[in-house]
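Per the numbering used here, residue 4 is the first one in the sequence shown, and the count goes up by one each step. To keep things clear, I will list the structure first and then write my remarks on it.
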Amino acid sequence: MLSIRSTVLIAIAAAVLAPTLILWHLEQRLTREAQQPLIEQNRQAVLLMTSNALVEPMWSLDDVQMRRVAQRALDNPSVLSLRLTERRPLAEPTVLARAQQAPFSGVPLKTTILHEGATLGELELWFDPGQIDRLLAERRQATIELAALQVLLSVLLLLGVLYRRLLAPIRRLKRQASQIASRADLKPVRWDRRDELGQLGAHLNDVHQQIDALFDQLEAQKAELEKIALHDSLTGLPNRALFSALTQAAVAAAARDGGRLALLFIDVDRFKSVNDTLGHAAGDHLLATLAARLRSAVRASDVVCRHSGDEFIVLLHDGDAWDEVASTADRLLKEMERPVSVDGREVAVSASIGVALYPDDASDPETLVRHADTAMYAAKHLGRARVSFFRAEFNAQLQTSLQLERELRRALAKGEFVLHYQPQVDAVSGALLGCEALVRWQHPGRGMVPPLEFIAAAEHCGLISELGAWTIRSACAQIARWKASGMAFGSVAVNVSALEFRNHRLLDTLTRAMADFGVQPHELEIELTESVLMTDTQTTRRIVENLRGLGLPLAVDDFGTGYSSLAYLKHLRPSKVKIDRSFVTGLPGDEDDRVLVQAIVQLAGALGIRVVAEGVETVAQRDFLHRIGCSALQGFLISRPQPAEGIEAFVRQNAGAEAPLLTMI
Ligand code: C2E
Ligand code: CA
Ligand code: CA
């Protein structure tokens with residue numbers, strides 16, 4: 004593709020040259036056609052004049068004059084040669100004159116010389132045949148010079164105009180456009196001319212400005228987006244992404260310089276309850292305040308980030324002195340514990356901090372964070388509001404408990420839990436009084452897992468309320484089925500763990516389950532361990548009152564293991580106590596157990612509370628218990644815990660058997 008410049012130059016050359024050439028050619032032809040007759044006429048005139056001038060001297064035979072006339076004719080540049088021949092009647096023709104400038108050649112023009120009708124002679128003239136060509140050649144030369152001059156002038160003029168008005172501005176425009184494209188930081192180009200290219204240039208200036216403004220806007224937006232992407236919007240602290248980049252850089256620098264780092268993993272204790280009781284806005288305000296305190300409690304060179312929800316991470320660059328790190332961590336704990344004013348209320352929280360050191364505990368950022376997290380968990384386990392330094396053995400413990408928690412979650416989702424039921428029978432008649440629902444985990448790999456292996460873990464990870472709700476609903480569903488089949492099952496006791504007991508949702512779960520399955524209050528029983536009932540009496544009393552409000556009987560489980568205070572029996576008035584298996588095992592041989600169990604039975608009897616002995620395995624135990632007045636029994640002797648169908652079979656067998664359970668009184 005040709006450039007504009009070359010195209011325009013070629014166009015100019017063609018536009019100027021072509022007409023000139025055509026004109027020149029036409030002019031040559033026309034000139035020849037116009038000149039030819041003129042030359043002919045001129046020759047005829049020369050011939051005529053010469054012949055007329057010869058009449059007289061030929062008549063008078065004046066030789067001198069004749070030669071003079073001939074010479075005159077020859078002086079005419081177009082005449083090359085001349086021959087004059089005398090032709091008189093009855094005489095031989097004689098050549099009177101021959102003159103020449105060039106050899107005789109070609110065809111001459113002739114005329115007869117007459118005097119009063121009589122022939123005197125003949126005149127022949129040879130003319131120059133190249134005369135017209137010479138003439139034309141001269142003219143052509145002149146025309147060529149003229150045309151060349153014209154072409155030169157036109158081209159110069161056109162080029163001048165072209166350069167000034169087209170090529171130079173186009174070059175400026177090109178420069179301007181490439182400045183815009185390369186985003187060179189230059190001033191707008193001045194355009195004085197008002198023609199189209201000038202307007203285009205001015206337009207480009209506008210475009211340049213607009214593009215600059217757009218780019219500035221984009222840069223600002225990019226910076227803003229980067230800030231948003233790298234900072235937490237609530238606290239303004241670096242987020243995880245930025246933190247991991249900063250930690251990576253810090254670890255790399257420490258590795259290079261042989262420096263040390265301390266990573267503090269900080270978790271706000273019981274933040275969820277702040278959120279639940281005061282609302283999310285208050286929770287946010289609390290977090291923002293804590294974040295600001297953390298930030299101002301460490302040096303500017305240290306990194307503070309929000310890891311997630313209520314977790315913060317602080318990276319200290321002065322991990323040199325262990326005790327210095329410990330005192331910084333203690334200072335942070337105190338900062339976190341200072342009350343925060345939320346909606347006019349003073350809210351105080353605590354925090355648990357886990358510390359991992361570089362390079363002592365880990366050599367890469369991920370492991371460092373993981374170890375600090377593990378240490379933080381350890382701090383929580385030790386009772387919260389404290390600092391824990393990472394120790395290798397934390398990891399193994401945490402791994403097993405984390406694994407168990409994951410599996411529990413899955414088990415709940417997949418319905419891997421089942422309830423087994425263990426009968427409680429009348430000590431005399433052996434009649435079924437009720438049964439205790441005991442949860443089991445049907446683990447796909449490990450088989451039937453007993454509750455003692457997972458209840459604590461479920462409590463720890465907060466799954467206990469979900470598991471408890473499942474247990475309550477399953478027990479109620481079973482009650483409904485047994486009622487529908489007309490089976491006399493008495494009542495079903497459900498174990499409620501300490502954490503579940505304090506969960507405000509327990510009441511709701513019970514109410515809903517009872518309503519959904521049409522369960523009457525006397526058909527269900529709540530078993531609470533003695534330790535639960537003895538702590539935090541105010542709250543305990545309130546919760547117990549609420550349960551009693553539903554009409555549900557309460558049984559005190561594992562009775563005797565926490566007998567330091569029996570006063571609660573007076574306040575809480577359970578309907579049943581269950582003598583712990585550990586006292587029954589030693590019966591009837593162990594003196595202490597005998598005395599203790601007897602005392603429990605008497606005490607309960609005096610307060611009008613029924614007694615069930617747990618873990619009855621032998622006939623001797625059963626007989627002793629009966630003898631001292633314990634009215635109900637539960638244990639392997641009567642039946643192991645078994646699936647619901649097992650209880651149905653147990654009831655059928657008992658109904659068939661005439662003989663009472665007790666043979667000896
Ligand atoms: P617990 O409430 O004291 O339950 C009685 C435990 O003693 C049951 O163990 C039962 O199988 C066992 N047992 C009953 N009779 C005998 C006997 O004659 N000899 C012996 N050696 N053991 C006997 P299990 O089912 O392993 O339950 C253990 C504990 O797990 C329960 O103690 C209870 O504290 C807890 N638990 C069981 N199910 C649940 C539940 O659904 N929710 C809650 N929160 N805890 C539960
Ligand atoms: Ca129990
Ligand atoms: Ca028990």
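By construction, the Cβ of each residue, glycine as well, lies at the ideal position given by its N, Cα and C atoms. Values in this document were obtained by computation on a predicted structure and should not be read as measured data.
Check: Range covered by the alpha helix (DSSP H) that runs through Lys383; Outcome: 368-384
Check: Buried versus exposed, by CB contacts within 10 Å (16 or more), Tyr571; Outcome: buried
Check: Alpha carbon of Gln224 to alpha carbon of Leu245, nearest angstrom; Outcome: 18 Å
Check: Cβ-heavy atom distance, Asn242 to ligand 2, below 7 Å; Outcome: no
Check: Closer than 7 Å: Phe639 CB and nearest ligand 1 heavy atom; Outcome: yes
Check: Identified DSSP bridge partners for Ser355; Outcome: Asp270
Check: Asp560 in three-state terms, based on DSSP; Outcome: strand
Check: Start and end residues, beta strand (DSSP E) containing Arg348; Outcome: 348-350
Check: Which of helix, strand or coil DSSP assigns to Arg484; Outcome: helix
Check: Residues bridged to Phe130 [DSSP beta-bridge criterion]; Outcome: Val82
Check: Span of the alpha helix (DSSP H), counted from its first residue to its last, around Asn55; Outcome: 7-62
Check: Between the CA atoms of Leu550 and Asn657 - distance to the nearest angstrom; Outcome: 33 Å
Check: For Asp260 and Cys308, the rounded distance between their alpha carbons; Outcome: 24 Å
Check: Sequence-distant residues of its chain with Cβ nearer than 7 Å to Thr292 (five each side left out); Outcome: Val343
Check: Rounded distance between the beta-carbons of Leu297 and Phe315, thought under 8 Å; Outcome: 6 Å
Check: Any non-hydrogen atom of ligand 1 within 7 Å of Val535 CB; Outcome: no
Check: Buried/exposed call for Met379, threshold 16 Cβ in 10 Å; Outcome: buried
Check: Thr238 and Ala184 closer than 8 Å at C-beta; Outcome: no
Check: Inter-residue Cα distance where the pair is Ser500 and Lys573; Outcome: 22 Å
Check: Beta-carbon spacing of Leu628, Ala430 below 8 Å; Outcome: yes
Check: Test item: CB-CB of Ile612 and Ser585 under 8 Å; Outcome: no
Check: Paired residues, beta bridge with Tyr361 - DSSP; Outcome: Leu264
Check: Span of the alpha helix (DSSP H) around Tyr571; Outcome: 570-575
Check: Own chain residues within Cβ distance below 6 Å of Leu57, not counting five before or after; Outcome: Val72, Ile116
Check: Among Leu149, Asp136, Gly204, Leu139, nearest to Leu169 - alpha-carbon criterion; Outcome: Gly204
Check: Residues near ligand 2, criterion Cβ-heavy atom distance below 7 Å; Outcome: Glu439, Ala496, Asn498, Glu530, Asp560, Lys581
Check: Cβ-Cβ distance between Val271 and Asp333 below 8 Å; Outcome: no
Check: Per-residue DSSP class, three states only, for His629; Outcome: helix
Check: Own chain, CB closer than 7 Å to Gly649, minus 5 neighbours either side, in chain order; Outcome: none
Check: Heavy atom of ligand 1 within 7 Å of Glu469 beta-carbon; Outcome: no
Check: Alpha-carbon spacing of Ile668 relative to Cys633, whole angstroms; Outcome: In this predicted model, Ile668 has a pLDDT of only 34, less than 50, meaning its place in the structure is not dependable; the value taken from the coordinates is given anyway. Taking the straight line joining both Cα atoms gives about 13 Å.
Check: Cβ-Cβ separation, Thr114 to Leu123 (assumed contact under 8 Å), whole Å; Outcome: That pair is no contact at about 11 Å.
Check: Cβ-based burial, Ala18 [other Cβ within 10 Å; buried from 16]; Outcome: exposed
Check: Status (buried if at least 16 other CB within 10 Å, exposed otherwise) for Arg625; Outcome: buried
Check: DSSP three-state assignment for Thr115, whether helix, strand or coil; Outcome: strand
Check: Val442 Cβ short of 7 Å to ligand 1 heavy atom set; Outcome: yes
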